[in-house]
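FYI, in the working numbering the residues of the sequence shown are 25 to 235. Here the structure comes first, spelled out in structure tokens, and everything after it is commentary.
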Amino acid sequence: MSAQDREPIPLSALQHAVYCLRQAALIHLERLWAENRFTAEGDVLHAVADKGGSRKARGARRVMALPLACRRLNLAGTADLVEFIPSPDGKTAFPIEYKRGKPKLHRADEVQLCAQALCLEEMTGRPVPQGALFYAQTKRRVIVPFDAELRALTENTATELAEVLASRQTPPPTPHRSRCRACSLIELCRPEAVGRSVRQWRDRMLAKALE
25 MSAQDREPIP
35 LSALQHAVYC
45 LRQAALIHLE
55 RLWAENRFTA
65 EGDVLHAVAD
75 KGGSRKARGA
85 RRVMALPLAC
95 RRLNLAGTAD
105 LVEFIPSPDG
115 KTAFPIEYKR
125 GKPKLHRADE
135 VQLCAQALCL
145 EEMTGRPVPQ
155 GALFYAQTKR
165 RVIVPFDAEL
175 RALTENTATE
185 LAEVLASRQT
195 PPPTPHRSRC
205 RACSLIELCR
215 PEAVGRSVRQ
225 WRDRMLAKAL
235 E
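As structure tokens, then:
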């Protein structure tokens, strides 16, 4: 099956894959999900953005719940908000993603936003140099430049996740204390228990090979 024939990868899956590739596989391959306070707050925030519609503000056209797709990376999803800002040679897209909480130490949110930019570039044929993350806790936009490093991380994540989904194999856990503690899937994932089982199996296989 070619990449074009496969089901598109949701843009939100890239956020999960950057945070933890096993988490992404559990959600998007095994179809497991569990709510916690963080996911519930995020659902409430996105319910506002998902109403859709278009209006003008300060000369820019603002489109909510805009469907996006990128055939090259086999991605699809919906942008919370895209502002189309007038420029001398046309209109430049500026994606905005709504998030609960505050800016994070990892780059999962930035990757999801950058993936939206890659979709917009393919759809409009125009460069999308930057976007913004709006965090509910701080009520401020954080401008995100789509530089070469972030673009490479986003494309590599999309490729890596596509390979996992195509293999139909969920990766073993790589426990990370703070991220595992905040993950709504920790009880379903059981990273410490699974990690021990994997290590024990590996040790048994190695011992047999050396016999």
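Glycine included, C-beta positions come from ideal geometry on N, C-alpha and C. Because the structure is a prediction, the values reported are computed rather than measured.
I'd like to confirm the pairing. Which residues does DSSP put opposite residue i in its beta bridges?
i    : result
P195 : DSSP lists no partner for P195.
K114 : In the sequence as displayed, the identity of residue 114 is Gly instead of Lys. DSSP, once it has assigned bridges, lists S111 as partnering G114.
R165 : F158
A172 : Answer is none; A172 lacks a bridge partner.
P119 : V106
A100 : P34, A93
In chain order, what residues of the same chain lie with their CB nearer than 8 Å to the CB of residue i, ignoring the 5 residues before and after it?
i    : result
E54  : T194
T162 : K126, P127
A64  : With a pLDDT of 42 at A64, under the threshold of 50, the modelled position of this residue cannot be trusted, and the question is left open.
C213 : R46, Q47, L50, P197, C204, C207
L189 : R30, I33, A49, H52, L53
A192 : Contrary to the premise, residue 192 reads as Arg rather than Ala in this sequence. The residues are L53.
T148 : A117
L174 : R131, E134, V135, C138, V168
H200 : C44
Just confirm the distance between the C-beta atoms of residue i and residue j, as a whole number of angstroms; I'd bet it's less than 8 Å.
i    : j    : result
Q154 : V168 : 6 Å
R150 : A156 : With a Cβ gap of about 18 Å, R150 and A156 do not count as contacting.
A84  : T102 : No, A84 and T102 are not in contact; Cβ-Cβ is about 19 Å, not under 8 Å.
C94  : E31  : Not really, about 14 Å apart at Cβ, beyond 8 Å.
E184 : A37  : Actually they are not in contact, since the Cβ atoms of E184 and A37 sit about 11 Å apart, beyond 8 Å.
L92  : Q140 : 6 Å
Since residue i is in the alpha helix (DSSP H), which residue starts that stretch and which ends it?
i    : result
V42  : 35–43
Q161 : Careful: Q161 lies outside any alpha helix (DSSP H) and carries neither H nor E.
V87  : No alpha helix (DSSP H) holds V87; the beta strand (DSSP E) holding it covers 84–94.
E134 : 132–148
For residue i, collect the residues of the same chain with a Cβ closer than 7 Å to its Cβ; drop the 5 residues on either side in sequence, then sort them by chain order.
i    : result
L137 : P119, E121, G155, L157, V168
Y43  : H130, A132, R203
I179 : Correcting the residue identity first, residue 179 is Glu in this sequence and not Ile. Closer than 7 Å at Cβ, skipping near neighbours: L97.
T181 : L38, A41, V42, V135
Leaving out the 5 sequence neighbours to the left and right, which residues in its chain are closer than 6 Å to residue i when beta-carbon positions are compared?
i    : result
P34  : G101
Q39  : A132, Q136
V152 : A117, A141, L144, E145
L56  : L50, L212
I109 : A84, T116, F118
- Message: I want to know whether the segment 102–114 touches the segment 38–48 - three or more CB-CB distances under 8 Å.
- Response: no
- Query: Is there contact here, the segment 124–131 with the segment 90–108, by at least three beta-carbon pairs under 8 Å?
  - Reply: no
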